[in-house]
Amino acid sequence: MKYEISDRELELLSAYLDHELSPKDQDLIEARLESNPDLRRILGELHQNRAAMRRLPRLRAPRNFTLSPDAVGVKSKRRNYPVFGIVSALSSFVLILVLAGDFLFQPAMVSQPIVDTLATEAIQVEITGEAEILREAEIIVTSQVEALEELPQAAPAESIVESESMAMEAEGIAATPSVETTRGIDTFSSKIPQTTATLSTQEDTITPSPTQTAVQPTQTPTISIPTSTVETESIEPGESFPPPTPITIDSQSPGSGPQIIRILEISLAVIALGTGALALFLRFRSQ
Amino acid sequence: MDEVALIRDAQKGDLDAYNRLVLAYQDLIYNQAYRMMGESDSAEDASQEAFISAYKNLRSFRGGSFRAWMLRIVTNACYDELRRRKRRPTTHLEPIDSNGEEIESPNWIVDQNELPEDTLQRIELGDAIQKCLDELPEEFRAAVILVDVQGFDYAEAAEAIGKPLGTIKSRLARARMRMRDCLQGFWELLPSRFRLEDEY
Chain A
78 MKYEISDREL ELLSAYLDHE LSPKDQDLIE ARLESNPDLR RILGELHQNR AAMRRLPRLR
138 APRNFTLSPD AVGVKSKRRN YPVFGIVSAL SSFVLILVLA GDFLFQPAMV SQPIVDTLAT
198 EAIQVEITGE AEILREAEII VTSQVEALEE LPQAAPAESI VESESMAMEA EGIAATPSVE
258 TTRGIDTFSS KIPQTTATLS TQEDTITPSP TQTAVQPTQT PTISIPTSTV ETESIEPGES
318 FPPPTPITID SQSPGSGPQI IRILEISLAV IALGTGALAL FLRFRSQ
Chain B
40 MDEVALIRDA QKGDLDAYNR LVLAYQDLIY NQAYRMMGES DSAEDASQEA FISAYKNLRS
100 FRGGSFRAWM LRIVTNACYD ELRRRKRRPT THLEPIDSNG EEIESPNWIV DQNELPEDTL
160 QRIELGDAIQ KCLDELPEEF RAAVILVDVQ GFDYAEAAEA IGKPLGTIKS RLARARMRMR
220 DCLQGFWELL PSRFRLEDEY
């Protein structure tokens, strides 16, 4: 008589075969197996079949099942970021070379502005000194003019002579004796009678010398500084000497070498940074 | 091979990373498909379809056993094809008897005048097992292939099929019983040296 195994027993038997039973169920099925030879036979047949299936050969895939972009509808993305990365690297390299060259050969060019600055300062000092002298001369002349105006009319020759000598001193110039000094005095004193006399248009009037005008405007020395950018000024009497204007010397004319190098450096830096950022952006987007 | 890193890269769209996973699992997937479908052409189609479907749905993989996840995809692909065949029956290669059942192939016809060793030469064990597998319902077939052919434990088989553990136990037990009944006549043809000990 064929043994009819129940579903419950079959499940226990099958799980027992794979050691997937709880301890309680395991004890239960083992007890049944001991008492039921049909159950043992079925268990043996199940075991045999499972062993046969486990011995089946492992088949190798007949071909590779790797996918192509077309198979999954993926467009092959042209990766452009390596190009931008290379350009960025090259730009950076050239920039480093230019910076290094600029740094190594810059001292010869850097000193020129310093020299120009020093020259400027020297000129300013010179101008300042001369301006001081002129200012003092102006003061002296002004004071003498005032003094002369206060002097009596009878002695104009002396005052003329004095004013002339003072003007000469103020100028600081070695006076060329174009001024008649003692001769003028002697002529005057010999011609004037004891009585009160007034000057008239007589022959014994003093022959004025070119420099015997009462107060002659002194020719203001013009200071011309032999630099192209320094302004020259003429000082008139009564005018105060303007403060020295700062002199700027621009040694970098448009289109000079250092400017070109700066432009090149900036351009390379912009290219390097721009292409590098673009390469990074494209790379992250492709991921 | 860092499987976790490959899966992560593949989920981001890296096709090369995914293809490395394909190469690692294609033998396993093809075996499952072949045992389910019973023949190589259908198994190839099911495997290719499974890998394409897995790539498109890779983002749905939330961790766990990637092998079980792949097996579920190929098992479902085989289910779909088998059901499609049932809806559109193909021409039987074997003749049909009056009951509508296929006449046994010549391989299965036992020649009374033939020695068992001769019969064994004609009938291979693998073909016999495959024949019996083909006769199982798809749900039973998947369970017995995963546990008895592929060697998975109950938990991973349950994850691959997407059913509870109790369901797997039940389906496996009933599949094994049917395989026993199917192979019983075959075993009787085998010499004793091919049989296992009755004692377990």
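Protein chains in written order, with our numbering: chain A, 78 to 364; chain B, 40 to 239.
Note that beta-carbon positions come from the ideal geometry of N, C-alpha and C, so glycine has one too.
All figures in this text were calculated on a predicted structure; none of them were measured in a lab.
Is it buried or exposed, ARG127 (chain A), if we count other Cβ atoms within 10 angstroms and call 16 or more buried?
By the C-beta density criterion, ARG127 (chain A) is buried, having at least 16 other C-beta atoms within 10 angstroms.
According to DSSP, simplified to helix, strand and coil, what is ASP173 (chain B)?
DSSP places ASP173 (chain B) in helix when its eight states are reduced to three.
Going by alpha carbons, who is nearest to ILE112 (chain B) out of B:ARG124, B:GLY102, B:GLN87?
The candidate whose alpha carbon is nearest that of ILE112 (chain B) is B:GLN87.
Below 7 Å on C-beta distance, what does PHE90 (chain B) contact in chain A?
Taking a Cβ-Cβ cut-off of 7 Å, the neighbours of PHE90 (chain B) in chain A comprise PHE142, LEU144, given in sequence order.
9 Å Cβ cutoff, PRO145 (chain B) in contact with chain A
The pLDDT assigned to PRO145 (chain B) is 40, lower than 50, so where the model puts this residue is not dependable, and the model offers no usable value.
Against chain A, does ILE200 (chain B) count as a neighbour if the rule is that its beta carbon must be under 9 Å from one of theirs?
ILE200 (chain B) does not count as touching chain A.
How many angstroms separate the CA atom of LEU120 (chain A) from the CA atom of ILE82 (chain A)?
The straight-line gap from Cα to Cα measures roughly 11 Å.
Using C-beta distances below 7 Å, list every residue in its chain close to LYS367 (chain A), excluding the 5 sequence neighbours before and after it, in chain order.
Not covered by the structure: residue 367 (chain A). The range shown for chain A is 78 to 364.
Members of the segment 82-108 of chain B that neighbour chain A once the beta carbon cut-off is set at 9 Å
For the segment 82-108 of chain B, the residues whose beta carbon sits under 9 Å from a beta carbon of chain A are, in order, ALA82, GLU83, SER86, GLN87, ALA89, PHE90, ILE91, TYR94, LYS95.
Which of the three DSSP states is assigned to PHE142 (chain A) in this structure?
The three-state secondary structure of PHE142 (chain A), taken from DSSP, is coil.
Simplified DSSP assignment, three categories, for SER169 (chain A)
When secondary structure is reduced to three states using DSSP, SER169 (chain A) falls in the helix class.
Kindly list, in the order they appear in chain A, the residues whose Cβ is closer than 7 Å to that of ILE168 (chain B).
Per Cβ cutoff of 7 Å: ALA129, MET130, LEU133.
How many whole angstroms separate the CB atoms of GLY190 (chain B) and ARG131 (chain A), which I take to be in contact at a CB cut-off of 8 Å?
At roughly 7 Å, the Cβ-Cβ gap stays under 8 Å, so GLY190 (chain B) and ARG131 (chain A) are in contact.
Contact criterion: CB-CB distance below 9 Å. Does SER365 (chain A) meet it with respect to chain B?
Residue 365 (chain A) is absent from the structure shown; chain A starts at 78 and stops at 364.
Using beta carbons (cut-off 9 Å, strictly below), is PRO139 (chain A) in contact with chain B?
Closer than 9 Å to some Cβ of chain B, the Cβ of PRO139 (chain A) qualifies, so yes.
Label PHE182 (chain A) either buried or exposed according to how many other C-beta atoms from any shown protein chain fall within 10 Å of its C-beta, with 16 as the threshold for buried.
So PHE182 (chain A) ends up on the exposed side.
Local Cβ density within 10 Å of PHE358 (chain A), reported as buried at 16 or more and exposed below that:
Exposed: under 16 other Cβ atoms inside 10 Å.
Assuming GLU198 (chain B) is part of the alpha helix (DSSP H), what are its boundary residues?
Counted as a single uninterrupted DSSP element, the alpha helix (DSSP H) harbouring GLU198 (chain B) occupies residues 193-200.
DSSP three-state assignment for ASN115 (chain B), whether helix, strand or coil
For ASN115 (chain B), the secondary structure class from DSSP, reduced to helix, strand or coil, is helix.
Taking its Cβ as the centre, do 16 or more other Cβ atoms sit within 10 Å of LEU222 (chain B), making it buried, or is it exposed?
Looking at its Cβ environment, which holds 16 or more other Cβ atoms inside 10 Å, LEU222 (chain B) is buried.
Where LEU175 (chain B) and ASP95 (chain A) are concerned, what is the direct C-alpha to C-alpha distance, given to the nearest angstrom?
If you take the alpha carbons of LEU175 (chain B) and ASP95 (chain A), they lie about 21 Å apart.
Distance cutoff 9 Å, beta carbons only. Does ARG219 (chain B) sit that close to anything in chain A?
Taking Cβ atoms only, chain A reaches closer than 9 Å to ARG219 (chain B), which makes this a yes.
Would ILE340 (chain A) pass as an interface residue toward chain B - the criterion being a Cβ-Cβ separation below 9 Å?
No, its Cβ sits nowhere closer than 9 Å to a Cβ of chain B.
With a threshold of 9 Å between beta-carbons, can ILE68 (chain B) be considered close to chain A, or not?
So yes, ILE68 (chain B) belongs to the interface.
Looking at GLN65 (chain B) and PHE90 (chain B), is the spacing between their C-beta atoms short of 9 Å?
Yes, they are a contact pair.
In its own chain, which residues sit with a C-beta less than 6 Å from the C-beta of LEU355 (chain A), not counting the 5 before and 5 after it?
Cβ neighbours of LEU355 (chain A) beyond the five flanking positions: PHE161.
If you follow the alpha helix (DSSP H) that LEU90 (chain A) is in, where does it begin and where does it stop?
For LEU90 (chain A), the enclosing alpha helix (DSSP H) covers residues 84-94.
Below 8 Å CB to CB, which residues in the same chain sit around GLN169 (chain B) once its five sequence neighbours on both sides are set aside?
Result list for GLN169 (chain B): ARG74, GLY77, in chain order.
Excluding the five sequence neighbours on either side, which residues of its own chain have a C-beta within less than 8 Å of the C-beta of LEU121 (chain B), listed in chain order?
MET75, MET76, GLU177, listed in sequence order.
So, is the C-beta of SER344 (chain A) closer than 9 Å to a C-beta in chain B?
At a cut-off of 9 Å, the C-beta of SER344 (chain A) has no neighbouring C-beta in chain B.
Could you pull the start and end residues of the alpha helix (DSSP H) that ASP115 (chain A) belongs to?
Taken as a continuous stretch (DSSP letters only), the alpha helix (DSSP H) holding ASP115 (chain A) covers 114-131.
Could you pull the start and end residues of the alpha helix (DSSP H) that PHE90 (chain B) belongs to?
Element bounds for PHE90 (chain B): 79-95.
Report the three-state DSSP secondary structure of ALA49 (chain B) (helix, strand or coil).
In the three-state scheme derived from DSSP, where H, G and I count as helix and E and B as strand, ALA49 (chain B) is classed as helix.
So for GLY353 (chain A), helix, strand or coil by DSSP?
Here DSSP, grouped into helix, strand and coil, assigns GLY353 (chain A) to helix.
Is the CB-CB distance between MET218 (chain B) and VAL183 (chain B) below 9 Å?
Against a cut-off of 9 Å, the Cβ pair of VAL183 (chain B) and MET218 (chain B) comes out as a contact.
Mind checking whether ALA212 (chain B) and GLU88 (chain A) have CB atoms under 9 Å apart?
Remark: C-beta atoms of ALA212 (chain B) and GLU88 (chain A) approach each other more closely than 9 Å.
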